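A.B. asks: Got a structure here, written out as structure tokens. Questions coming.
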Amino acid sequence: MMRMESGAAMVAFDSSLEAGVEAKYSAAGMTYSKLPSSRYRGVVPQPNGRWGAQIYQRQKRVWLGTFVDEAEAARAYDVAAQRFRGPGAATNFVPLSAEDEEGALALAFLAEHSKAEIVDMLRKHTYDDELRQSKHPGAGTFGGSRRRAQSYHETARVMLFEKAVTPSDVGRLNRLVIPKQHAEIHFQFWSGAAEASKGVLLNFEDAAGKVWRFRYSYWNSSQSYVLTKGWIRFVKEKKLKPGDVIRFWRSTGPEKQLYIERRDAESPVRLFGVNIWDGRAVR
DNA sequence: GTATGTGTTGAT
DNA sequence: TCAACACATACG
């Protein structure tokens, strides 16, 4: 009795037995009604009719995001379960198998990413995209499949460029404009993909070693290269404000790992209450 | 306002 | 570990 019956049996429920699930539930004000419980492991109902996915790790809940489809939330749980607890973890649907090509690829993908990365992908609903993208050599990481190991501090890096963010970069547009000349020179490798399809997902590591993933794409409407999807989170966590300077780096090795950081607000040097140095880089 | 995700608790 | 429930607050 290790894992739930998965696959066909569960999928069969999808469109049937869904009659009175629409229990109304006026949120904050009150007027609570009973929420429909999910038949999937790790899936919880949300007041608005959506579904949340969560998994527990070390007596703590790890939120995996909210989803419109109950089954989608269940799949998110499955992904997390297999990353957190390994293949063989109890899942809602057919678990990944190293036997078939797809399963092996997915398992490898999971192994190559940290739990935090996987959770972030699930919450941003980019997991499928990134898994698919990982199958195309030359996508997110320059040097190829294997990376890992070397962190921010142990790797030789070169600064690519920096930019003082504009109000719109840190507003609610969820996008950072990459100055064209910098994009075409430093992100040249990915610019093609950025222009062609809907862009590529790039990984950046910050000074703390935290990995950030943004979509790098080209907007024809404004003829601009931009970082979207996930950018707003960076803005919030780093508390970026207009005028702050962010720097982009790249490892010098064959792997071309990318880095992003806010230039240390080398606090203005003040003397008797007067700024005599605003912290801007010399040269 | 609405959507998201946390605090908390009782049940497995 | 897990989900139910209530609700704070993040978000658009």
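Under numbering that gives the first Met the number 0, residue 282 is the last one in the first sequence; the count climbs by one each step, no gaps. Here a beta-carbon is modelled for each residue, glycine too, at the ideal position from N, C-alpha and C. These numbers come from a predicted model, not from an experiment.
With a threshold of 8 Å, are at least 3 pairs of Cβ atoms found where one atom belongs to the region 53-68 and the other to the region 91-110?
C.D. replies: The region 53-68 vs the region 91-110: no contact.
A.B. asks: Look at the alpha carbon of Ile54 and the alpha carbon of Trp189, and state the distance between them as a whole number of angstroms.
C.D. replies: The residue given as residue 54 occupies position 55 in the first sequence. The residue given as residue 189 occupies position 190 in the first sequence. One C-alpha to the other measures close to 35 Å.
A.B. asks: Can you tell me whether Ala97 is helix, strand or coil according to DSSP?
C.D. replies: In the first sequence, the residue the question calls residue 97 occupies position 98. DSSP places Ala97 in coil when its eight states are reduced to three.
A.B. asks: What is the rounded straight-line gap between the Cα of Ala73 and the Cα of Asp128?
C.D. replies: Stepping through the first sequence from its first residue, residue 73 is reached at position 74. Stepping through the first sequence from its first residue, residue 128 is reached at position 129. The alpha-carbon atoms of Ala73 and Asp128 are separated by roughly 17 Å.
A.B. asks: Measuring alpha carbon to alpha carbon, tell me which residue in Asp243, Lys162 and Glu69 is nearest Gly41.
C.D. replies: One-based indexing of the first sequence puts residue 41 at position 42. If we check each option's Cα against that of Gly41, Glu69 comes out closest.
A.B. asks: Which value, in whole angstroms, describes the spacing of the CA atoms of Asn173 and Phe233?
C.D. replies: If you number the first sequence from 1, residue 173 lands on position 174. If you number the first sequence from 1, residue 233 lands on position 234. Cα to Cα, Asn173 sits roughly 10 Å from Phe233.
A.B. asks: Looking only at its own chain, which residues have a Cβ that is under 8 Å from the Cβ of Ala97, when we skip the five neighbours before and after it?
C.D. replies: The residue labelled residue 97 in the question sits at position 98 within the first sequence. Closer than 8 Å at Cβ, skipping near neighbours: Pro86, Ala103 and Leu106.
A.B. asks: In this structure, how does DSSP classify Arg232 when only helix, strand and coil are distinguished?
C.D. replies: Looking up residue 232 in the first sequence gives position 233. Three-state DSSP puts Arg232 in a helix.
A.B. asks: Can you have a look at Gln180 and say buried or exposed, based on whether 16 or more other CB atoms are within 10 angstroms of its CB?
C.D. replies: Translated into positions along the first sequence, residue 180 becomes position 181. So Gln180 counts as exposed.
A.B. asks: What does DSSP give as the partner residues of Gly191 in its beta bridges?
C.D. replies: If you number the first sequence from 1, residue 191 lands on position 192. DSSP lists no partner for Gly191.
A.B. asks: Three or more beta-carbon pairs under 8 Å between the region 157-165 and the region 194-214, yes or no?
C.D. replies: Touching, no.
A.B. asks: Is Gly198 buried or exposed, if buried means 16 or more other CB atoms sit within 10 Å of its CB?
C.D. replies: Sequence index remark: in the first sequence, residue 198 carries index 199 (1-based). Result: buried.
A.B. asks: Please state whether DSSP places Tyr39 in a helix, a strand or coil.
C.D. replies: As a working note, residue 39 is residue 40 in the first sequence. Residue state, collapsed to three classes: coil.
A.B. asks: Mapping DSSP to helix, strand and coil, what is Ala155?
C.D. replies: Against the first sequence, residue 155 aligns to sequence position 156. The answer is coil: DSSP assigns Ala155 none of H, G, I, E or B.
A.B. asks: So what's Arg122 in DSSP terms, helix, strand or just coil?
C.D. replies: Here residue 122 refers to the residue found at position 123 when the first sequence is read from its first residue. Three-state result, Arg122: helix.
A.B. asks: Gln256 to Leu95, Cα distance in whole Å?
C.D. replies: Position 257 of the first sequence, counted from the start, is the residue given in the question as residue 256. Position 96 of the first sequence, counted from the start, is the residue given in the question as residue 95. Roughly 29 Å between the two C-alpha positions.
A.B. asks: By DSSP, does Ser133 sit in helix, in strand, or in coil?
C.D. replies: Your numbering for residue 133 matches position 134 in the first sequence. In this structure, Ser133 counts as helix in the three-state DSSP scheme.
A.B. asks: State the DSSP-derived secondary structure class of Met29, mapped to helix, strand or coil.
C.D. replies: The residue you call residue 29 lines up with position 30 of the first sequence. Low confidence applies to Met29: its pLDDT is 49, below 50, so where it sits in the model is not reliable enough to give any reading.
A.B. asks: Going by the beta-carbon positions, is the gap between Pro35 and Pro46 smaller than 9 Å?
C.D. replies: As a first step, residue 35 must be located in the first sequence, where it is residue number 36. As a first step, residue 46 must be located in the first sequence, where it is residue number 47. No, the pair does not count as a contact, with Cβ atoms beyond the cut-off.
A.B. asks: Excluding the five sequence neighbours on either side, which residues of its own chain have a C-beta within less than 6 Å of the C-beta of Ser223, listed in chain order?
C.D. replies: Position 224 of the first sequence, counting from 1, holds the residue named residue 223. Result list for Ser223: Val176, in chain order.
A.B. asks: Compute the beta-carbon to beta-carbon distance between Asn115 and Tyr76, rounded to the nearest angstrom, for a pair I have assumed lies under 8 Å.
C.D. replies: Locating residue 115 in the first sequence gives position 116, where the first residue counts as 1. Locating residue 76 in the first sequence gives position 77, where the first residue counts as 1. Before going on, a small fix: residue 115 reads as Ala here, not Asn. Not really, about 17 Å apart at Cβ, beyond 8 Å.
A.B. asks: Excluding five sequence neighbours on each side, which residues of the same chain lie with their C-beta closer than 7 Å to the C-beta of Leu200?
C.D. replies: Looking up residue 200 in the first sequence gives position 201. Excluding sequence neighbours, Leu200 sits near Thr125, Asp128, Glu129, Gln132, Gly139, Arg212 and Arg214.
A.B. asks: Who are the near neighbours of Glu204 in its chain, counting only those whose CB is closer than 8 Å to its CB and skipping five residues on each side?
C.D. replies: The residue given as residue 204 occupies position 205 in the first sequence. Ser150, Tyr151, Val210, Trp211, Gln256, Leu257, Tyr258 and Ile259.
A.B. asks: Judging by CA-CA distance, which residue of Asp99, Glu71 and Ser113 is the nearest neighbour of Arg84?
C.D. replies: Locating residue 84 in the first sequence gives position 85, counting from the first residue. Looking at the Cα atoms, Ser113 is the closest of the given residues.
A.B. asks: Per DSSP, what are the beta-bridge partners of Pro178 in this structure?
C.D. replies: By one-based count along the first sequence, residue 178 stands at place 179. According to DSSP, which records beta bridges pairwise, Pro178 is partnered with nothing at all.
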